[in-house]
Amino acid sequence: MRMSDGLFLQKCREVAENCKDIKFNEMYLDTVCLNMVQDPSQFDVLVMPNLYGDILSDLCAGLIGGLGVTPSGNIGANGVAIFESVHGTAPDIAGKDMANPTALLLSAVMMLRHMGMFDHAARIEAACFATIKGGKSLTKDLGGNAKCSDFTEEICQRVKDLE
């Protein structure tokens, strides 16, 4: 890792040297994790190799409720983007009406914002958060007994109510 991390840091330092308006700070991953838990607002953008990013993203997912509610977006320099939930496909619960759709819905919210559809994104996001806060139709991973379809139905109704 010394070789790959060294090259990565060398390139980051070179870019930082040429972009003085961007604040550049190096930290060990364990320090980043500690600071993320204590005060995540101190970070705007984090750049790191994939392994460290995977570790940190799982930690952050835990801070907001787990992988089932964590959205993800990858946006290229040319604007091409892909949005997905952080968690895997969960084949063990496929077709059982048990999955929590929050991560996928919030990924769609990110996509809508990327496309400039801010009002649509805001309504879906508000409906998701209100459904979770209301506590009536929560999936098992959120502490409830609702099916995925029940949870989704409540979100859809809340979106309609916000129109």
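Going from the sequence shown to the working numbering is simple: count from 1 and add 878.
Don't be surprised by glycine CBs; every beta carbon is placed ideally from N, CA and C.
Sequence-distant residues of its chain with Cβ nearer than 6 Å to residue i (five each side left out)
| i | result |
| --- | --- |
| leucine 990 | His998, Ala999 |
| valine 987 | Ala999, Ile1002, Glu1003 |
| threonine 1030 | Pro979 |
Residue span of the alpha helix (DSSP H) that contains residue i, given as start and end
| i | result |
| --- | --- |
| asparagine 928 | 928–942 |
| glutamate 962 | Per DSSP, glutamate 962 belongs to no alpha helix (DSSP H); it is in the beta strand (DSSP E), 959–963. |
| aspartate 1039 | 1026–1040 |
| aspartate 908 | 907–916 |
| alanine 1004 | 996–1012 |
| valine 987 | 980–992 |
Proximal residues to residue i (C-beta, below 7 Å), its chain only, five neighbours per side dropped
| i | result |
| --- | --- |
| leucine 887 | Glu904 |
| valine 1037 | Arg1001, Ile1002, Ala1005 |
Range covered by the beta strand (DSSP E) that runs through residue i
| i | result |
| --- | --- |
| serine 950 | 949–953 |
Same chain only: Cβ atoms within 8 Å of residue i, ignoring 5 sequence neighbours per side
| i | result |
| --- | --- |
| isoleucine 971 | Ala977 |
| valine 915 | Leu937, Leu941 |
| cysteine 1034 | Ala1005 |
| lysine 1025 | Asp975, Met976, Thr1017 |
| phenylalanine 996 | Leu990 |
Per-residue burial, residue i [other beta carbons within 10 Å of its own, 16 or more giving buried]
| i | result |
| --- | --- |
| leucine 1016 | buried |
| serine 985 | buried |
| leucine 983 | buried |
| valine 923 | exposed |
| alanine 955 | exposed |
Bridge partners - residue i, DSSP secondary structure assignment
| i | result |
| --- | --- |
| threonine 1017 | Ala1024 |
message = For the structure I just gave you, are there three or more beta carbon pairs, one from the stretch 942–949 and one from the stretch 962–969, closer than 8 Å?
response = Flag = yes, the stretch 942–949 and the stretch 962–969 touch.
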